[in-house]
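Adding 13 to a residue's 1-based position in the sequence shown gives its number in our numbering.
Where is the CB? At the ideal position from N, CA and C, for every residue including glycine.
Computed from a predicted structure; not experimentally measured.
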Amino acid sequence: KILHTKEATDDKEIFFKEELDYLGYIVSGKGITPRTKKLDAIMKYPAPKNVKELSSFLGLASYYRKFIRPFADKAHPLTALTRKSAEWKWGEEQRDAFECIKNCLITSSVLGYPDFSREFILYTDASGYGIGAVLAQIQLPPQSADLAESYGQDLRKSDGVEVVIGYTSKHLNDREAKWSTTEKEAYAIIHAIDVFMTYL
Numbered sequence: 014k015i016l017h018t019k020e021a022t023d024d025k026e027i028f029f030k031e032e033l034d035y036l037g038y039i040v041s042g043k044g045i046t047p048r049t050k051k052l053d054a055i056m057k058y059p060a061p062k063n064v065k066e067l068s069s070f071l072g073l074a075s076y077y078r079k080f081i082r083p084f085a086d087k088a089h090p091l092t093a094l095t096r097k098s099a100e101w102k103w104g105e106e107q108r109d110a111f112e113c114i115k116n117c118l119i120t121s122s123v124l125g126y127p128d129f130s131r132e133f134i135l136y137t138d139a140s141g142y143g144i145g146a147v148l149a150q151i152q153l154p155p156q157s158a159d160l161a162e163s164y165g166q167d168l169r170k171s172d173g174v175e176v177v178i179g180y181t182s183k184h185l186n187d188r189e190a191k192w193s194t195t196e197k198e199a200y201a202i203i204h205a206i207d208v209f210m211t212y213l
């Protein structure tokens, strides 16, 4: 007995394509990368003249923060200006951070697909005002063959290639920034496990 039927429509069904444009990302056999048109909008974004324009830029860039290691640290000079008590000061440090984020997106790595039959590697780190982590995995051909070139690794000299599955970072608030180095590093581990719980 047929309870439901579904008709395939040309605008919804896509077959036999090497890559797919999905929610601002390019999904292909090699992995996931930011969509070029979306990056163009970020690259052409002019230097902010006020908090509103800066917040708009950070909103655009944050959508792709998973491709930047560590985003929170690199964006700190900018996010600090968005605080209510902050005085607007667009100087060399802010300009450098602004351009750094743009350049990082252009040169961002391809994010690989997880292989749940293999172990994951979790790297964590902490700085004076941020924490970050990288989820990676050693993958064997053929899944890692295309990514090997992206990461500059030679599969002939190893058992596989270390593939980045994702990045995460978090800006520390004033209270957290006063913690000891050990406490910040422990917090980085907790944050990473929380973000990547699905994989771990």
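Looking only at its own chain, which residues have a Cβ that is under 7 Å from the Cβ of Pro90, when we skip the five neighbours before and after it?
-> Within the sequence shown, the letter at position 77 stands for residue 90. Closer than 7 Å at the Cβ level, and outside the excluded window around Pro90, lie Glu106, Gln107, Ala110.
By Cβ distance below 8 Å, which residues in the same chain neighbour Ala201 in space, the five residues on each side in sequence not counted?
-> In the sequence shown, counting from the first residue as 1, residue 201 sits at position 188. Contacts found: Thr137, Asp138, Ala139, Ile144, Gly145, Ala146.
Alpha-carbon to alpha-carbon, Ile39 and Lys51 = Position 38 of the sequence shown holds residue 51. Position 26 of the sequence shown holds residue 39. In this structure, the alpha-carbon of Lys51 lies about 11 Å from that of Ile39.
Could you check the C-alpha separation between Lys30 and Gly42 for me, to the nearest Å?
-> Here residue 30 is taken as the residue at index 17 of the sequence shown, counted from 1. Here residue 42 is taken as the residue at index 29 of the sequence shown, counted from 1. The straight-line gap from Cα to Cα measures roughly 10 Å.
With 16 other CB atoms within 10 Å as the buried threshold, where does Lys79 fall?
-> One-based indexing of the sequence shown puts residue 79 at position 66. With 16 or more other Cβ atoms within 10 Å, it is buried.
Beta-carbon separation of Ser98 and Pro47 under 9 Å?
-> For the purposes of this step, residue 98 is taken as the residue at position 85 of the sequence shown. For the purposes of this step, residue 47 is taken as the residue at position 34 of the sequence shown. No, Cβ-Cβ distance for Ser98 and Pro47 is not below 9 Å.
Beta-carbon gap between Ile178 and Leu124 smaller than 9 Å = Working through the sequence shown from its first residue, we reach residue 178 at position 165. Working through the sequence shown from its first residue, we reach residue 124 at position 111. The Cβ-Cβ distance between Ile178 and Leu124 falls below 9 Å.
For Glu196, the three-state DSSP class (helix, strand or coil) | Here the question's residue 196 lines up with position 183 in the sequence shown. Of the three classes helix, strand and coil, the one that applies to Glu196 here is helix, per DSSP.
Thinking just about the alpha-carbon of each residue, which of Ser130, Ile45, Ser68, Leu148 is nearest to the one in Met210?
-> As a first step, residue 210 is located in the sequence shown; it is residue number 197 there, counting from the start. Of the candidates Ser130, Ile45, Ser68, Leu148, Leu148 places its Cα closest to the Cα of Met210.
Cα-Cα separation between Val208 and Arg82, rounded to whole angstroms | Within the sequence shown, the letter at position 195 stands for residue 208. Within the sequence shown, the letter at position 69 stands for residue 82. One alpha carbon belongs to Val208, the other to Arg82, and they sit about 15 Å apart.
Cβ neighbour criterion (16 or more within 10 Å) applied to Lys65 | Within the sequence shown, numbered from 1, the residue matching residue 65 stands at position 52. Within 10 angstroms of the beta-carbon of Lys65 lie fewer than 16 other beta-carbons, which makes it exposed.
Distance, Ala199 Cα to Ala88 Cα | On the sequence shown, residue 88 is found 75 positions in, with the first residue counted as 1. On the sequence shown, residue 199 is found 186 positions in, with the first residue counted as 1. Straight through space, the alpha carbons of Ala199 and Ala88 are spaced by roughly 22 Å.
Own chain, CB closer than 7 Å to Ser68, minus 5 neighbours either side, in chain order | Counting from 1 along the sequence shown, the entry for residue 68 is found at position 55. Once the five neighbours on either side are set aside, the close Cβ partners of Ser68 are Thr95.
Identify the continuous beta strand (DSSP E) that holds Thr181 and give its terminal residues.
-> Within the sequence shown, numbered from 1, the residue matching residue 181 stands at position 168. Its beta strand (DSSP E) spans residues 174-184.
To the nearest whole angstrom, what separates the beta carbons of Gln150 and Phe133, a pair I think is in contact under 8 Å?
-> On the sequence shown, position 137 is the one that residue 150 refers to. On the sequence shown, position 120 is the one that residue 133 refers to. Between Gln150 and Phe133, the beta carbon gap of about 5 Å places them in contact (Cβ cut-off 8 Å).
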